[in-house]
C-alpha cells in the first residue's frame, strides 16, 4: 500500500504494517500491548491533529509543570500519557525540526517523554518509557520517503554532514 493511497478506512492496517516493519528493521522487542498502543496513538494523532490544539501550542516544559501540579490521580495519569505521546511523536516524526535546535533538544524531549510514560507505573507505558530511545525510531520510519538513488545520496550526505539522520 502506497503512502498516498492511505484512507481513513485503511489507516489502522497501514500503521500496523508500518510499525511492525520498523520494529523488525530496528530489531526492537515490543510486547503486543505496546505495539497496539503505538497504532492507537498514531491513529489518534491522525484524527485529532490540529496545529491549534492546546497541547501542541503548549511547550513541553509547561505540560510537565501542569502534570506536576495535578493532584487528581486519574487526570495526572492522562497527562503523563499525553506528554509521553507528544514527546514520542515530536522526536519521532518531527525529528529534523527538533534536531535543528541541537542534539540536547532531542535528548531533553526523549527524557521528558520517557519519564512521563514511566511515571504512570502501568504497562504498556512503562515499556514505552523504558524503550523510548528505540521507539521514536519506529515512529520516524513513518516519515521516510520512498527513496530513489538521488534520495539515498541526499540522506547519506546529510549523515556525513551531521553524523545524524
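Numbering (our numbering), first residue to last: 31 to 195.
C-beta atoms are modelled at their ideal positions from N, C-alpha and C, and glycine is treated no differently.
- Message: I need the DSSP call for residue 149, collapsed to helix, strand or coil.
- Response: Correct three-state label for residue 149: helix.
- Query: In whole angstroms, what separates the C-alpha of residue 89 from that of residue 97?
  - Reply: If you draw a straight line from the Cα of residue 89 to the Cα of residue 97, it is about 13 angstroms long.
- Query: Could you check where the alpha helix (DSSP H) with residue 61 kicks off and where it finishes?
  - Reply: In the DSSP annotation of this structure, residue 61 is not part of any alpha helix (DSSP H), being labelled neither H nor E.
- Message: Just to confirm the assignment: which complete alpha helix (DSSP H) runs, minimum length 4, are found wholly within the segment 101-126?
- Response: Listed in chain order, the complete alpha helix (DSSP H) runs (minimum 4 residues) inside the segment 101-126 are 103-123.
- Query: In terms of residues, what are the limits of the alpha helix (DSSP H) holding residue 171?
  - Reply: In the DSSP annotation of this structure, residue 171 is not part of any alpha helix (DSSP H), being labelled neither H nor E.
- Task: State yes or no: is the C-beta of residue 158 within less than 8 angstroms of the C-beta of residue 165?
- Result: Yes.
- Query: Any idea what DSSP makes of residue 42, helix, strand or coil?
  - Reply: Secondary structure of residue 42 (DSSP, three-state): helix.
- Message: My output table needs one value for residue 130: the three-state DSSP class, helix, strand or coil.
- Response: In this structure, residue 130 counts as coil in the three-state DSSP scheme.
- Task: Mind reading off the beta-carbon distance from residue 66 to residue 45? Whole number of angstroms is fine, and I expect it under 8 angstroms.
- Result: Their Cβ separation, rounded to whole angstroms, is 11 angstroms, which puts residue 66 and residue 45 out of contact at 8 angstroms.
- Inter-residue CB distance, residue 110 and residue 150 (contact presumed, cutoff 8 angstroms): The C-beta distance from residue 110 to residue 150 rounds to 5 angstroms, short enough to meet the 8 angstroms contact threshold.
- In whole angstroms, what is the alpha-carbon distance linking residue 42 and residue 69? A direct Cα-Cα distance of roughly 7 angstroms separates residue 42 from residue 69.
- Who are the Cβ neighbours of residue 152 in its own chain at under 8 angstroms, not counting the five residues just before and after it? Cβ within range, chain order: 107.
- Quick one, are the C-beta atoms of residue 160 and residue 148 less than 8 angstroms apart? Yes, they are a contact pair.
- Message: Here's the rule I'm using: 16 or more other beta-carbon atoms within 10 Å means buried, otherwise exposed. How should residue 120 be labelled?
- Response: By the 16-neighbour rule on beta-carbons within 10 angstroms, residue 120 is buried.
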